[in-house]
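Engineer: The sequence shown runs 42 to 192 under this note's numbering.
We put the CB at the ideal spot given by N, CA and C, even for glycine.
Source: prediction; values computed, not measured.
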Amino acid sequence: MDDLDFQILEKLQENGKLSLKRIAKMLKTPISTIHFRVQKMIDEKIIVKFSSVVDIGKLGYETVAWACLTIDPLKIEEIANKIATFQDVRMVTITGGVYNLIIQIISKNEKELWNFIRENIQTIEGVQNLAVSSSLKIFKWNTCYFFNLPT
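Below, the structure is given as structure tokens:
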């Protein structure tokens, strides 16, 4: 990965609908070079998916919450995989610290959130402790995992 690769990724993260021709023009680089580099990043699994960022509020999802769980260490991957199958769960990550699993949940409202937690999370054998924080106001919602990384 060099500076040009990072510039291509930055353009794709800003707008995944940009054509390779447009990116080539923006970066003053031949389209064949851009095509080759993008294909190489796909082949090497650096780019793993092209997707859309959706305004979940316009789809009726008003509640975003983070649930921090303490899980039996012998069951953590099994439970993480199970939780990852739920449609309302957007992210599942094993962590260090007080809690060893953190999940992000979207729901239509607080009542639906708590029903989901009560029916789907608290009933899983091996969940030992749970703390939930709901977002009151979202200032930034972005799926870009890096931006302007130093090269």
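Starting from L142 and walking both ways along the beta strand (DSSP E), at which residues does that stretch end?
Structural biologist: Residues L142 to S148.
Engineer: So the candidates are D84, R63 and E85; which of them puts its Cα closest to the Cα of I75?
Structural biologist: For I75, the nearest C-alpha among the options comes from R63.
Engineer: Tell me whether I135 sits in a helix, a strand or coil according to DSSP, three-state version.
Structural biologist: Looking at I135 - three-state DSSP - the assignment turns out to be strand.
Engineer: Should L142 be labelled buried (16 or more other beta-carbon atoms within 10 Å of its own) or exposed?
Structural biologist: Classification for L142: buried.
Engineer: Within 10 angstroms of the Cβ of L110, are there 16 or more other Cβ atoms? Answer buried if so, exposed if not.
Structural biologist: Classification of L110: buried, given that the 10 Å Cβ count is 16 or more.
Engineer: How is the alpha helix (DSSP H) around Q169 delimited, first residue to last?
Structural biologist: First-last for Q169: V168 to S175, but that is the beta strand (DSSP E), not the alpha helix (DSSP H).
Engineer: Does the beta-carbon of R159 have 16 or more other beta-carbons within 10 angstroms, so that it is buried, or is it exposed?
Structural biologist: Label assigned to R159: exposed.
Engineer: Looking only at DSSP bridge pairs, what is A65 linked to?
Structural biologist: In DSSP, A65 forms no bridge with anything.
Engineer: According to the neighbour-count rule (16 or more other Cβ atoms, all chains shown, within 10 Å of its Cβ), is T136 buried or exposed?
Structural biologist: It is exposed - the Cβ of T136 has fewer than 16 other Cβ atoms within 10 Å.
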